[in-house]
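J.: Before we start, here is the structure in question, set down as structure tokens.
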């Protein structure tokens, strides 16, 4: 099929959502008898599934691999603590590449590849970044009381308080970014910190599971 100049010049948008610590068996479409994931099941039924995908064994190494396309041991990220979650400054990220090709770039959620210059997301190709510190909501320096609700996060390095549940904040801010850039090609990276423990959720999400497991 002939390709017009218009189709060559049109740049597709990319929205990349990744959940935290959600394993293969945590979906009803994969046979979980308790957890109900109807929306994800629907996407599963009509999506491309990568059945031979290999990642780092823990959080930050996997994120480094995603951002660079390189094996985690090559990026300097092979653990989640002790300074071993810092993505080497000479590594080029997806955001760097998109931004170099005139994309608007934004990330909203869990970064876990460094909280200080030059490792922060807005140092690594993201024009707009809203994120919590460290590897979890409560690991945000000076805001150790963050508990998933009405927390303080960093927007391009500047602390800012928010109202609402963390996942809702990430998605609300991401959708605002998308709306602002609807006339521009954009890359929106949305790495949630949920459903990683601690399992703090609004009552409406937890109530359906009361009494269904020994700990519920």
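Residue numbers (the numbering used here): 38 to 253. The beta-carbon is built from N, C-alpha and C at its ideal position, and this holds for glycine as well. For clarity, every value in this text was computed on a predicted model and none was experimentally measured.
When the Cα of residue 188 is compared with those of 194, 195, 169, which residue comes out closest?
T.: Residue 188 has its Cα closest to that of 169, out of 194, 195, 169.
J.: Taking the continuous beta strand (DSSP E) assigned at residue 77, which residues delimit it?
T.: Where residue 77 is concerned, there is no enclosing beta strand (DSSP E), although the alpha helix (DSSP H) it sits in stretches over 75 to 82.
J.: Taking just the CA atoms, how far does residue 46 sit from residue 182?
T.: Cα to Cα, residue 182 sits roughly 48 angstroms from residue 46.
J.: Take residue 237 and list the residues in its own chain whose beta-carbon comes closer than 8 angstroms to its own, dropping the five residues that flank it on each side.
T.: These residues qualify, in order along the chain: 184, 185, 186.
J.: Fully enclosed by the stretch 111 to 198, which alpha helix (DSSP H) runs are 4 residues long or longer?
T.: The qualifying runs are 131 to 137.
J.: Can you pull the DSSP bridge partners for residue 225?
T.: Per DSSP, 52, 143.
J.: Three-state secondary structure (DSSP) at residue 36?
T.: The structure shown does not extend to residue 36, since the chain spans only 38 to 253, so no value can be given for it.
J.: Please determine, among 72, 225, 134, the residue with the shortest C-alpha to C-alpha distance to residue 245.
T.: When each option's Cα is compared against that of residue 245, the closest is 72.
J.: Can you have a look at residue 41 and say buried or exposed, based on whether 16 or more other CB atoms are within 10 angstroms of its CB?
T.: Its pLDDT being 44, under 50, residue 41 is placed unreliably by the model, and the measurement read from it follows with that caveat. Exposed, since its Cβ has fewer than 16 Cβ neighbours within 10 Å.
J.: So, using beta-carbon positions, are residue 54 and residue 227 closer together than 7 angstroms?
T.: Yes, they are a contact pair.
J.: Which residues share a DSSP beta bridge with residue 108?
T.: DSSP, once it has assigned bridges, lists no residue as partnering residue 108.
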